[in-house]
Structures are given as structure tokens and as C-alpha cells.
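Engineer:
Numbering (mature numbering (1 follows the signal peptide of the UniProt record, and there is no 0)), first residue to last: -17 to -1, 1 to 352.
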């Protein structure tokens, strides 16, 4: 099964789509059901100046995670069905991103679930009201698991350390062209396989007050060991020709317990993020990002551990990046990005010694059809 999935993902190279037509009967327009197929692949080479001997980048990185080797970040094949009353998506994937980010998705010793990119079905309950269930894309953040859809090549610290995917049910109401709200019931914080008897809740509000402006507010509330509340806010501004600006701010609270198991307040982590993209032509784009990730209590990002005697706690890191993209054709991207990390304490490792900085250069060739 695993070999078949890998072969299918790597050999898929085209997407076929049936055109949509509209039939008119008694002045009622009925859209013809449509089935489309898609494929994506992201091949990359990354050089980490801290030169990890095992080729593995730090544990808080999930995409583009291998040093000094040509590798496949992810390859995806999928199908989507849409009609007026039913919709659905199914996709399979493989790559270094899948191996790292889906490592916990095993059931009875089987790893088959980690190769499912998405599998969901939706039913229209009323005009503008849809109920979807299954393995869904995350409702948190503005970045995708498909790098070609993102304004920067590598994912932000914010995106890498929030869910890429989620499993559950989602009710979406398109109130108007400007306002959409959603409510979710989920297995947990990025979970396909349930690990306890609890369920999590999520919300999402998207508002477009005017042309070129999108405001998003997403929340998560659930028990991840103890209760966790998370809020993600971002705005997308397309007000200047050829320029896109995205500003984001995330904050989370995790309940703490004392040694007797009683409630003992909460711990907080937070993360601001600013991205600017300039696309002077259809073939060229330049992207820049600055962000700061503050997790002083290691709620999300684990301490750096060399051995039992050397454990560095707390994660407070500033990270800027700059990328150049070239699109020889619409669905193919050649990209290069330089990125720095600067921490307030020695959370990075080089030559078996901790240090405060790291730097990477990433190149990628990606296609999406």
C-alpha cells in the first residue's frame, strides 16, 4: 500500500477537469456536477548553516526539513467533486513533510492514515449553509501545505506550529459576499487518530469590508493534556497594485496544574508575523517576511536537549526571510529563499554545541495542475 501511494504521487503529472455547464429549466439554473483531478509536487534542496550531521532540521520545522540533500517535501494527487448539493475531496500524499508532520498518525501499528492528504464530504443544508466532515484543511492561518500557494517558500514558525489539517465536522454559513462564519467539532489539535475521549471546538469568521481587504479570526478550544485556547488573527491587504501585505498575530493559553493536579493558572505563547509580496510581472515575485515567536514555557516548541546535562528551555526567536520566485509557466514555480533565526538563548545546535543563531538557504521546483 505504501509503495503504491508513493509511486502514484510521484508519477502523477497532469490534472484533468471536466468543464462546468449550466442548464436552465423554468428560470432555475442548475449547475452540472463536476469532477476534477489534481497533482502537486515540491522538490527542494536546503542548506542549513548549522550543518546537522543526521540531515534533520530542528524539531519545530515540519516542511522542508532535510539538510543538504535533494528531497521531496510533498507530492499530492487528488480528486474533487462539486455539485449544487454535494461536494467532496480526496487526496493522497507522501514526502519528508508527511513523514515528520504525520508521525503520530498510527492506528494499531498501521501508518496508512498518514498518507491521506484529505478525505471529506459536504452537504448543502440550505442556501449558503454547508456541512462538511472528514479530514479537512486547517481553519487556522493563511498558509497552505502546498508551498506554491504561499507567498514565501518556507512556512512561518506560526504556520509550522499550528495545525496543517484537522478531523471532524465543519458547519459553514456564507451570510453574504462579505461575511462567512464557521463552527467546528474536532478530534483535537491536528489529529486524525483520536487519543482520548475529548472533542475540541473551533470557530472561524472571515469578513471582507471592502475590495482588497480580508479580515480573519479563528479560534481553537480543547483539551491537549490540559485545556488550550488559541486565537489566530490575520488580515490580507491587496490595496496596492502588484503588492500583497499580510499581517498576523496569534496567541495561545494553556492551563497549568500543580503537583497535586489542581489548577495553577495558565501559560501563554504568542507570535506576530508580517509578510509583503511584490509581483511586478506574471513570471516574477519577491516575498519578504519577519516574525517573532515567543514560547517561554515550551508549550508548543520543545526544549533543546543535547543530553541529560544540557537542556535549554524557553523559545524566543526572531526570524526574517527573503525569497525570489520565477514562474516559467503559470503552474510551475522555481524559488529560492534565504532565512535567518536569532534566539534570545541557545536553542540551536552546531557541532554538538548550543548556539543562538541559524541560517538556511532553500531552493524549490514545484508544480501544480
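Ideal Cβ placement from N, Cα and C applies to all residues, glycine included.
Would DSSP call residue 87 helix, strand or coil?
Structural biologist: Three-state result, residue 87: coil.
Engineer: Compare the beta carbon distance of residue 252 and residue 278 with 9 Å and say whether it is the shorter of the two.
Structural biologist: Yes, the Cβ-Cβ distance between residue 252 and residue 278 is below 9 Å.
Engineer: How far does the beta strand (DSSP E) with residue 96 in it reach, from first residue to last?
Structural biologist: From DSSP, residue 96 is part of no beta strand (DSSP E); its letter is neither H nor E.
Engineer: Does the beta-carbon distance from residue 355 to residue 56 come in below 9 Å?
Structural biologist: Lying before the first or after the last residue shown, residue 355 is absent from the chain, which here runs from -17 to 352.
Engineer: Does DSSP put residue 81 in a helix, in a strand, or in coil?
Structural biologist: In the structure shown, residue 81 sits in a helix (DSSP, three-state: H, G or I).
Engineer: Taking the alpha carbon of residue 117 as the point to measure from, which residue in 134, 148, 180 has its own alpha carbon closest?
Structural biologist: Cα-wise, what sits closest to residue 117 is 148.
Engineer: Kindly give me the distance between the Cβ atoms of residue 233 and residue 227, rounded to whole angstroms, as I take these residues to be in contact under 8 Å.
Structural biologist: Incorrect: roughly 20 Å between the Cβ atoms, too far for contact.
Engineer: In whole angstroms, what separates the C-alpha of residue 75 from that of residue 119?
Structural biologist: When rounded, the distance between both Cα atoms is 13 Å.
Engineer: Can at least three beta-carbon pairs, one atom from the stretch 178 to 191 and one from the stretch 202 to 213, be found at a separation below 8 Å?
Structural biologist: Yes: the two stretches touch, three or more of their Cβ pairs being nearer than 8 Å.
Engineer: Drop a sphere of 10 angstroms on the beta-carbon of residue 265, count the other beta-carbons inside from all chains shown, and report buried for 16 or more, exposed for fewer.
Structural biologist: Answer is exposed; the Cβ neighbour count stays below 16.
Engineer: Can you check whether the CB of residue 131 is closer than 9 Å to the CB of residue 268?
Structural biologist: For residue 268 and residue 131, no; Cβs fall outside 9 Å.
Engineer: Starting from residue 334, trace the alpha helix (DSSP H) in both directions and tell me its first and last residue.
Structural biologist: First-last for residue 334: undefined, no H or E at that position.
Engineer: For residue 112 and residue 152, which I take to be in contact (beta-carbon distance under 8 Å), what is that distance rounded to the nearest angstrom?
Structural biologist: Actually they do not touch by this definition, with Cβ atoms about 13 Å apart.
Engineer: Counting beta carbon pairs with one atom in the stretch 277 to 292 and one in the stretch 314 to 333, are three or more of them shorter than 8 Å?
Structural biologist: The answer is yes - the stretch 277 to 292 touches the stretch 314 to 333, with three or more Cβ pairs under 8 Å.
Engineer: Comparing alpha-carbon positions, which option in 19, 25, 302, 351 lies nearest residue 313?
Structural biologist: Of 19, 25, 302, 351, the residue nearest in Cα terms is 351.
Engineer: Could you have a look at residue 75 and say whether DSSP puts it in helix, strand or coil?
Structural biologist: DSSP places residue 75 in strand when its eight states are reduced to three.
Engineer: Ignore the nearest five residues each way along the sequence and tell me which others in residue 8's own chain have a CB closer than 7 Å to its CB.
Structural biologist: Below a pLDDT of 50, predicted positions are generally treated as unreliable, and residue 8, at 38, falls in that range; the measurement from the model is reported next regardless. Correct list: empty, nothing qualifies.
Engineer: Label residue 354 either buried or exposed according to how many other C-beta atoms from any shown protein chain fall within 10 Å of its C-beta, with 16 as the threshold for buried.
Structural biologist: Nothing can be reported for residue 354, as the shown portion of the chain is limited to -17 through 352.
Engineer: Identify whether residue 142 lies in helix, strand or coil by the three-state DSSP scheme.
Structural biologist: It is helical.
Engineer: Using a Cβ distance threshold of 8 Å, determine whether the stretch 50 to 67 contacts the stretch 14 to 33, with at least three qualifying pairs required.
Structural biologist: Yes, the stretch 50 to 67 touches the stretch 14 to 33.
Engineer: What first and last residue would you give for the beta strand (DSSP E) that runs through residue 347?
Structural biologist: Residue 347 -> beta strand (DSSP E) spans 340 to 351.
Engineer: Can you look up residue 269 in the DSSP assignment and give me helix, strand or coil?
Structural biologist: Correct three-state label for residue 269: strand.
Engineer: I need the boundaries of the beta strand (DSSP E) containing residue 304, first residue and last residue.
Structural biologist: Unbroken beta strand (DSSP E) run through residue 304: 298 to 312.
Engineer: Find out if the Cβ-Cβ distance for the pair residue 306, residue 318 is shorter than 9 Å.
Structural biologist: Yes; because the gap between Cβ atoms is below 9 Å, this pair is in contact.
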